[in-house]
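Chemist: Here this note's numbering is used: the first residue of the sequence shown is -19, the next is one more, and so on. For glycine and all other residues, C-beta sits at the position ideal for the given N, C-alpha and C. Questions regarding the structure given below will be posed in turn.
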Amino acid sequence: METVLFDGVLRVHYGFAQIYAEQDDWPDPDVPFNGQTNGLLGGAHAGFLTMTTGLHTGDVPLRALLLDHEPALSDWEEVVEVSFRPNAEELWLATFDDGVEIQLPVATYRARWSARNMDAAHRLGIPEDEPTNDRYELTLWPEERPRPDSILRQTSEVAAYWHKERGSA
């Protein structure tokens, strides 16, 4: 079974988006990456997911899915995973200036962040009406027990930078 939580464009600022419950206090931007090896998807702060994009500021296509099983590894250029347990069923998928409410049952999930064309988007910086070709997908599925985060695939300089900057590997 596949449930689409979001499929559209999200306006990012400073190259990130988050999932959190409205009542939660926002942590320092690097706290969700504490103790992790990957620097693209932060899940170390309870109830928060922080997702890194190549584009600094602008519109990024994003699809968020809830599955009932672990998906096969697809051909995305960047793929990382963390464990995640939301603090509430009503959550925000948000940035500084944009956001949508999503529904996710409170349970323990594995979260996979997949990206394409991060380097090209990063070079654009803050585009002036220029289209970006980066794409992102967040996939969640139930897991019995939390596991350490993992880097399944890394091909871009941007991903390598964030893994080194934020990761403990």
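Should Ser136 and Glu117 be called a contact, given that it needs their Cβ atoms to be closer than 7 Å?
Modeler: No; because the gap between Cβ atoms is not below 7 Å, this pair is not in contact.
Chemist: Starting from Tyr141 and walking both ways along the alpha helix (DSSP H), at which residues does that stretch end?
Modeler: Residues 137 to 146.
Chemist: Got a sec? Which residues, its chain only, sit under 7 Å from Leu104 by beta carbon, not counting five neighbours each side?
Modeler: Leu35, Glu110, Thr112.
Chemist: Which two residues bound the contiguous beta strand (DSSP E) that contains Leu104?
Modeler: No beta strand (DSSP E) contains Leu104, which is instead part of the alpha helix (DSSP H) from 98 to 104.
Chemist: Whole angstroms are fine: how far does the CA of Leu84 sit from the CA of Ala74?
Modeler: Rounded to whole angstroms, Ala74 to Leu84 spans 15 Å at the Cα level.
Chemist: Note down the Cα distance separating Asp5 from Val11, rounded to an integer number of angstroms.
Modeler: The alpha-carbon atoms of Asp5 and Val11 are separated by roughly 12 Å.
Chemist: Quick one: Cα of Ala(-3) to Cα of Asp77, how far?
Modeler: Taking the straight line joining both Cα atoms gives about 10 Å.
Chemist: Which two residues bound the contiguous beta strand (DSSP E) that contains Ala74?
Modeler: 70 to 74 is the span of the beta strand (DSSP E), which, as asked, contains Ala74.
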